[in-house]
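Trainee:
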Amino acid sequence: MKVIIDIDVLNPEDVMKSHKGEIIGLMAGIMLSHEKKKHKVEKAVCEELVNILRVELPKALKEELIEAEAHYYIEE
0 MKVIIDIDVL NPEDVMKSHK GEIIGLMAGI MLSHEKKKHK VEKAVCEELV
50 NILRVELPKA LKEELIEAEA HYYIEE
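So in numbering that gives the first Met the number 0 the end of the sequence shown lands on 75, straight run, no missing numbers.
1. Looking at the unbroken alpha helix (DSSP H) that takes in alanine 59, where does it start and where does it end?
2. Can you check whether the CB of glutamate 41 is closer than 8 angstroms to the CB of valine 2?
3. Can you give the Cα-Cα distance for glutamate 34 and leucine 64, rounded to whole angstroms?
4. Note down the Cα distance separating glutamate 12 from serine 32, rounded to an integer number of angstroms.
5. In whole angstroms, what is the alpha-carbon distance linking cysteine 45 and isoleucine 6?
6. Enumerate in chain order the residues of its own chain whose CB-to-CB distance from glutamate 66 is below 8 angstroms, with the five nearest sequence positions on each side excluded.
7. Between which two residues does the alpha helix (DSSP H) carrying valine 14 extend?
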C-alpha cells in the first residue's frame, strides 16, 4: 500500500529569501527562474519530509506493536 503526498510550494521566492542558504543548494538559486526555484524548494521540502518519516514512522509503528517495512523515495 502507498501513501502519496503531493507538494506544491506556492511561494518559492519567499522561502529562498527567508532561508538564505539554510536549505542546501538554495543559496545559488537567486538567478533561477520561478519554476526552477519552485523545483529546488519542493525537492528540499520532500527531502526533509522523508528524513523525518525515516525517524518518526518506525517509532510510531513500534509503539503500536506494528511490524512493517517502509521504503522512502522522492519521485520527480
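Each residue gets a CB set at the ideal place from its N, CA and C atoms; glycine is no exception. Please read these numbers as outputs of a predicted model, since none were measured by experiment.
Mentor: In short:
1. 33 to 62
2. Remark: C-beta atoms of valine 2 and glutamate 41 do not approach each other more closely than 8 angstroms.
3. 43 angstroms
4. 10 angstroms
5. When rounded, the distance between both Cα atoms is 7 angstroms.
6. Leu60
7. 11 to 18
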